Amino acid sequence: METAIGVFDSPEHAKEAVRELLANRVPQDAVVFLTRSGTDAEVVGKELSTGAVAGVSGVTAGAIAASVLLVPGIGGIVFGLGLGAATLLGLIGKESSKAVAAGNAEDADFFRNVLKEGQSLIVVRTESADVARSATGILDRLGLSIQERSTAKAQTSVRQLGDFAIVDMVGRITFGEGNVMLRDTVRDLLAKGHKKILLNLQGVHYIDSAGIGEMVRSHASVRNQGGHLKLCNLSNLVNDLFLKTKLHTVFDIHPDETSAIQSTGAASSVKAGS
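Quick note, in the numbering used here, the sequence shown goes up one by one and the last residue is 279.
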C-alpha cells in the first residue's frame, strides 16, 4: 500500500488538488480530504455530485458524503470527504487497534496537529504505482510547493550504536525510491527486534508527499510495536518541510546523534526549529 499525504495552507489549493486527483483518474475511494471547514467540504462535494470536475464522471453519493467528527484536542468539528474519511476520522478519535493491525494507521497525532493549526489534509492510499505516482506529483505541486534540489539517488546503511540501530539515509525520500527503502529498512529492523531506531537525515535534502506518507507510517509502526523512532541532523530544507507540515510536532527530533541517544528516557526533546 502506497500512501501520499498533502498538507495545505490554502483551502483553494486543497480543493484544486481534489479536483485534479479525480480528473487524473485517481480513484475516488483512494482519496480522503480532511478539513475543519464545512464550507470547503460542501463545495467540493457539490462539484463532484454535479459533475463540475472536468473529466470526472460516475461519482457516487457515498463517495462525496461528508463525515463529521468532534475530535478531542482540536477544538472544533472535522469534516472528511471520501469513502475512507470515516475510517481515518475514527482512527484519529479512537486510535483504532484494528486499523493499526491492518497496517493502515498513519500517526493520529500528525492529523490532529495539522487540523488543529487550521490546515487541510489530503491522503491518498492506493495499491497502484501509477496512481501513487500521479497523486504524489499533484500533492507536491499544490501542497508542498517546495522545489526538489537533490538529484542524488537514495541510499541507506545501518549501524549499531549502543541500543540504537542508526539508519544513515542519503538522497531523496521520494515515491518509488527513498520511501521504499525507508519502509523496507524499518520493517527489517522491527522484524529483527530492534526497538530503538535513529534516522540520520543529514544526507537527505528532499522529501515528497509519498515520503511524508512513509515517514508518518514508519513512526506509527515503530510506536505501535513499543519502540522509539528518533530523527537527527535535518538539513535546512527538510527542517522547513517538517515545520510546514507540522511533522515536527510528532517526531522526536534532535540536532545530532549524541543528543538523540542521550535523550532516551528524558522528559523533553529538542524539536525542529526550536
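Cβ atoms here follow ideal geometry from the backbone N, Cα and C, with glycine treated the same way. None of the values given here were measured: they were computed from a predicted structure.
Where K235 is concerned, the enclosing beta strand (DSSP E) starts and stops at H233 to C237. DSSP places H259 in the strand class (E or B) of the three-state scheme. Taking the CA atoms as reference points, H259 sits about 8 Å from K235. For the pair S214 and N205, the Cα-to-Cα distance works out to about 20 Å. By DSSP's assignment, L204 forms a beta bridge with V172 and L236. In this structure, I178 places its C-beta atom within 8 Å of the C-beta atom of V209.
Taking all protein chains shown into account, M220 has 16 or more neighbouring C-beta atoms within 10 Å of its C-beta and is therefore buried. I266 and E17 have their alpha carbons spaced roughly 42 Å apart. Sorting A134, D34, T8 and T141 by C-alpha distance to the C-alpha of A22 places T141 at the top.
Annotated three-state conformation of E17 is helix, per DSSP. Cβ-Cβ distances below 6 Å link V175 to Q160 and G208 in the same chain, with the five nearest sequence neighbours on each side left out; the list follows chain order. Annotated as distal: D173 and K201, with beta-carbon spacing of 8 Å or more. Listed in chain order, the non-local C-beta contacts of Q230 below 6 Å within the same chain comprise L195, local neighbours out to five positions each way being set aside. In this structure G181 does not touch F13 by the C-beta definition: roughly 23 Å separates them, more than the 8 Å allowed. Within 10 angstroms of the beta-carbon of S162 lie fewer than 16 other beta-carbons, which makes it exposed.
Put simply, of R138, G183 and G198 the residue whose alpha carbon is nearest the alpha carbon of A157 is G183.
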